[in-house]
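Heads up: the sequence lines are chains A and B, in that order. For the first sequence, UniProt numbering begins at 1 and goes up steadily by one. For the second sequence, UniProt numbering begins at 1 and goes up steadily by one. Using N, Cα and C, we set each Cβ at its ideal position, and we do this for glycine too.
There are 2 protein chains.
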Amino acid sequence: MGSGKILVAQGGGPTAVINQSLVGVALEARRFREVTRVYGAQFGVRGIVNEDFLDLTQETSNNLELVAATPASALGSTRDKPDLKYCEEIFKVLRAHEIEHFFYIGGNDSSDTVRIVSEQARAAGYPLRAIHIPKTIDNDLVGNDHTPGFPSAARFVAQAFAGANLDNASLPGVYVGVVMGRHAGFLTAASALGKKFPDDGPHLIYLPERVFSLDSFLADVKAMYEQHGRCVIAVSEGIHDASGEPIATLLAKEVERDAHGNVQLSGTGALADLLCDEIRAKLGIKRVRGDTFGYLQRSFIGCVSDVDQREAREVGEKAVQFAMWGGRDGSVAIRRTGFYSVDYDLLPLAAVAGKTRTMEDEFIAASGTDITDAFRLYLRPLLGSGMPDAFRLRPAPVPKILKR
Amino acid sequence: MGSGKILVAQGGGPTAVINQSLVGVALEARRFREVTRVYGAQFGVRGIVNEDFLDLTQETSNNLELVAATPASALGSTRDKPDLKYCEEIFKVLRAHEIEHFFYIGGNDSSDTVRIVSEQARAAGYPLRAIHIPKTIDNDLVGNDHTPGFPSAARFVAQAFAGANLDNASLPGVYVGVVMGRHAGFLTAASALGKKFPDDGPHLIYLPERVFSLDSFLADVKAMYEQHGRCVIAVSEGIHDASGEPIATLLAKEVERDAHGNVQLSGTGALADLLCDEIRAKLGIKRVRGDTFGYLQRSFIGCVSDVDQREAREVGEKAVQFAMWGGRDGSVAIRRTGFYSVDYDLLPLAAVAGKTRTMEDEFIAASGTDITDAFRLYLRPLLGSGMPDAFRLRPAPVPKILKR
């Protein structure tokens, strides 16, 4: 080794804290005398192939701190999922620039990219240290207690449902909120942390970890509506029937809106609208409203967990330390060590790459439409400090005069 | 006068600060020796007719302060728009309970209810003091510089677009965000306050104050996409063609989704989805995403303007003072007196009731797809302190080696 050049990139969907990890790498790396340059690739792996690098060593620590506190990927991101050939291109560029350390901040796909590049470097006898830094609002990386980005998105979902519940209590009816997470229900489950009083919503939670049945759904909604005079429902965008068919697709067929064959169901408001249509039509409830949280839940500025911020910074710092002192490639992982405290491990890349974690059974209530206290205890510390709270007027009824 | 009984109620869509006004009334009223009881009607005017009153005099100031800081209507609200007969029922109950002061917190419709009840009391020779307290996220009450509730909703929209812009810069494409406001574009225009750098989005803003043309829209989007490699668009749910027909309805017809005759377009994600379909189909852009902010923009807990909180409290306090010392009924209004400071007037009810303010021409750019600096100066102080900010890495490109 000799060039002392480091490369860092960001991949996949942005989060509220992914820049903390970037800045963690940049600032920690500068503390090592063997590091001469910290490069940042623009727009993820695509920027590597195109040699679109920024020299982060020329940044001020002040601006780096400001960027760290800014959501979304400051370097730009990409949805490219490199195959072997793509990884060879990456490796070619790393070699040309004499990059000795490669840090890639991302989810499952990104860890797989790091794994392939790591193997190619080894096969070529090139001295590369390649480290994957975890990031995903879906919380679906195996080997991690949780992943940076998830706590802030979970906080948004919890706050959104706390507010939606208050709104729904003011003007009673049925409210359906559709939350991101195609395979893992963690983010949808976070809606339960918006609950304070026993009769607060969400009254029902539908996760991709359980099979969705429209008949059961309608029966559940009916029962809750009769009990509370209203019903707040959290639905994962990934709900599906027993065969794995997405519910959005099934409902769209049922109401015959699929005539053109090109009705897009993901990334749209369709699922919420279709479920609301069903409730209106089958249960005869008038005031039914649906929201799809969409990109707000991962991009909204000003809703961030301070715990998430600190940990996202730390996985970046630890990645550099593992790279410099660890002697092997890997994926940084968060391990919970107390209530509440964490430490960091370096897992083998093959242990994380391309695998998907879903919600553990202990987190899901037997009913299948609620979460357990175990999940509440798991998630609460991640949401951080200063969570907004909701209060009610206490009952002090005035005797009626005309209608006594 | 002699009973010393006051009644307060909340009407229409909830806001983040409507409970500040409620608590302003309750706490200020207790300072007057002639006030013996402060009643709160549950679920607006409907609660009056049903005599569903809470005795707020039995509340503690501590809990009232906590409720004040909680969004949505603590007393419950209603969408009922009372006619003459309904108002007679209201008046009957006020009389039976010897209510001498009636405060109704709400928008246009609520002010009209107060006006009718006020006239009925006068005609009956009953000594009632009736005051309307302004509230609406739409900012569409005439005679007001702005209305309580609007600043916090505007802050949500500005923060949402600041985040959406960062997300869109990370993964470039077209983003359409649909904002509430059927007739007034103030809330949609607030998206512009999420902009920091000259090339930030929203790059285009479509308001109900201007006629919407699909052809111009597509041409605008194409031009911006070519200039920036991406495009962030803010769209009011109320956009319409020259004849006043909502665009959502027109597009739904165009894509023949209206076969059942019952496709609901308001309160759904349909408009965003339809505009995205058009952009994909006509401009051939692949990454096109749409969000409908829905109820989040008025109900999200934890995104509130401290200026809005203070003013919402003050309109409640001033309402009581006007009632006790003013000698006439009316509608409390906010008047701007400095940059930035306000004072409060009591306008005649007829001057406010049932009228709708829309965005003044000086606030809309000549292009029709942007706002002016006058609007920026108007809105900025309302958003309050602690607005989150966005920062970028500075350019410091690394010379290419392979592709030089």
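Examine chain B for any beta-carbon lying closer than 9 Å to the beta-carbon of residue i, and answer yes or no.
i: residue 70 of chain A; result: yes
i: residue 185 of chain A; result: no
i: residue 394 of chain A; result: yes
i: residue 63 of chain A; result: yes
i: residue 2 of chain A; result: no
i: residue 66 of chain A; result: yes
i: residue 87 of chain A; result: no
i: residue 50 of chain A; result: yes
i: residue 206 of chain A; result: no
i: residue 202 of chain A; result: no
i: residue 10 of chain A; result: yes
Between residue i and chain A, is the shortest Cβ-Cβ distance under 9 Å, so that the two count as touching?
i: residue 117 of chain B; result: no
i: residue 389 of chain B; result: yes
i: residue 425 of chain B; result: Coverage of chain B is limited to positions 1 through 404, which leaves residue 425 of chain B absent and any answer about it impossible.
i: residue 39 of chain B; result: yes
i: residue 362 of chain B; result: no
Starting from the beta carbon of residue i, find every residue of chain B whose beta carbon is closer than 8 Å, and list them in chain order.
i: residue 292 of chain A; result: 269, 291, 292, 294
i: residue 96 of chain A; result: 401, 402
Give the straight-line distance between the Cα atoms of residue i and residue j, rounded to the nearest whole angstrom.
i: residue 407 of chain A; j: residue 313 of chain A; result: Look at the range of chain A in this structure, 1 to 404, and you will see that residue 407 of chain A is not part of it.
i: residue 324 of chain B; j: residue 25 of chain B; result: 12 Å
i: residue 370 of chain A; j: residue 227 of chain A; result: 16 Å
i: residue 304 of chain A; j: residue 310 of chain A; result: 11 Å
i: residue 2 of chain A; j: residue 34 of chain A; result: 8 Å
i: residue 44 of chain A; j: residue 77 of chain B; result: 49 Å
i: residue 376 of chain B; j: residue 196 of chain B; result: 12 Å
i: residue 355 of chain B; j: residue 74 of chain A; result: 46 Å
i: residue 58 of chain B; j: residue 391 of chain A; result: 16 Å
i: residue 107 of chain B; j: residue 48 of chain B; result: 18 Å
i: residue 144 of chain B; j: residue 334 of chain B; result: 5 Å
i: residue 380 of chain A; j: residue 17 of chain A; result: 18 Å
i: residue 357 of chain B; j: residue 141 of chain B; result: 6 Å
i: residue 135 of chain A; j: residue 219 of chain B; result: 37 Å
i: residue 378 of chain B; j: residue 268 of chain A; result: 34 Å
Cβ closer than 9 Å: which chain B residues qualify as neighbours of residue i?
i: residue 91 of chain A; result: None at all; the shortest Cβ gap to chain B is about 12 Å.
i: residue 406 of chain A; result: Lying before the first or after the last residue shown, residue 406 of chain A is absent from chain A, which here runs from 1 to 404.
i: residue 73 of chain A; result: 166, 167, 169, 170, 171
i: residue 59 of chain A; result: 393, 394, 396
i: residue 217 of chain A; result: The contacting residues do not exist; residue 217 of chain A stays about 19 Å from chain B at best.
Which same chain residues, not among the five before or five after residue i, have their C-beta less than 6 Å away from its C-beta?
i: residue 81 of chain A; result: 109
i: residue 274 of chain A; result: 251
i: residue 56 of chain A; result: 26, 38, 40
i: residue 36 of chain A; result: 4
Give me the residue from the options with the minimum Cα distance to residue i.
i: residue 14 of chain B; options: B/297, B/171, B/213; result: B/297
i: residue 321 of chain A; options: A/133, A/302, A/232, A/399; result: A/133
i: residue 301 of chain A; options: A/61, A/149, A/182, A/141; result: A/149
i: residue 271 of chain B; options: B/244, B/238, B/243, B/287; result: B/238
i: residue 152 of chain B; options: B/145, B/71, B/393; result: B/71
i: residue 94 of chain B; options: B/74, B/53, B/364, B/78; result: B/53
i: residue 156 of chain A; options: A/387, A/399, A/404, A/400; result: A/387
i: residue 286 of chain B; options: B/172, B/380, B/327, B/31; result: B/172
i: residue 31 of chain B; options: B/357, B/317, B/102; result: B/317
i: residue 283 of chain B; options: B/224, B/246, B/336; result: B/224
i: residue 404 of chain A; options: B/22, B/50, B/308; result: B/50
i: residue 332 of chain A; options: A/365, A/348, A/46; result: A/348
i: residue 405 of chain B; options: B/167, B/212, B/138, B/211; result: This structure cannot speak to residue 405 of chain B, because chain B is shown only from 1 to 404.
i: residue 393 of chain B; options: A/11, A/12, A/69, A/46; result: A/69
Please return the same chain residues whose Cβ sits closer than 7 Å to the Cβ of residue i, not counting the five positions on each side in sequence.
i: residue 359 of chain A; result: 184, 185, 186, 189, 207, 209
i: residue 27 of chain A; result: 61, 64
i: residue 248 of chain A; result: 265, 270, 271, 274
i: residue 200 of chain A; result: 165
i: residue 229 of chain A; result: 172
Name the chain A residues whose beta carbon is nearer than 8 Å to that of residue i?
i: residue 77 of chain B; result: 170, 171
i: residue 54 of chain B; result: 393, 395, 396, 397, 398
I want to verify the contact list: residues of chain A whose CB lies under 7 Å from the CB of residue i, in sequence order.
i: residue 300 of chain B; result: 159, 160, 163
i: residue 272 of chain B; result: 269
Once the 5 residues before and after residue i are set aside, which same chain residues still bring their CB inside 8 Å of it?
i: residue 159 of chain B; result: 194, 303, 387, 388
i: residue 118 of chain B; result: 128, 130, 329, 349
i: residue 92 of chain A; result: none
Kindly list, in the order they appear in chain B, the residues whose Cβ is closer than 7 Å to that of residue i.
i: residue 308 of chain A; result: Per Cβ cutoff of 7 Å: no residues; residue 308 of chain A is ~15 Å from chain B at best.
Looking at the ligand NAD, does it come within less than 8 Å of residue i, judged from the CB to the closest heavy atom?
i: residue 188 of chain A; result: Absence of the ligand NAD from the depicted structure is noted, as is the absence of any ligand whatsoever, leaving it without description.
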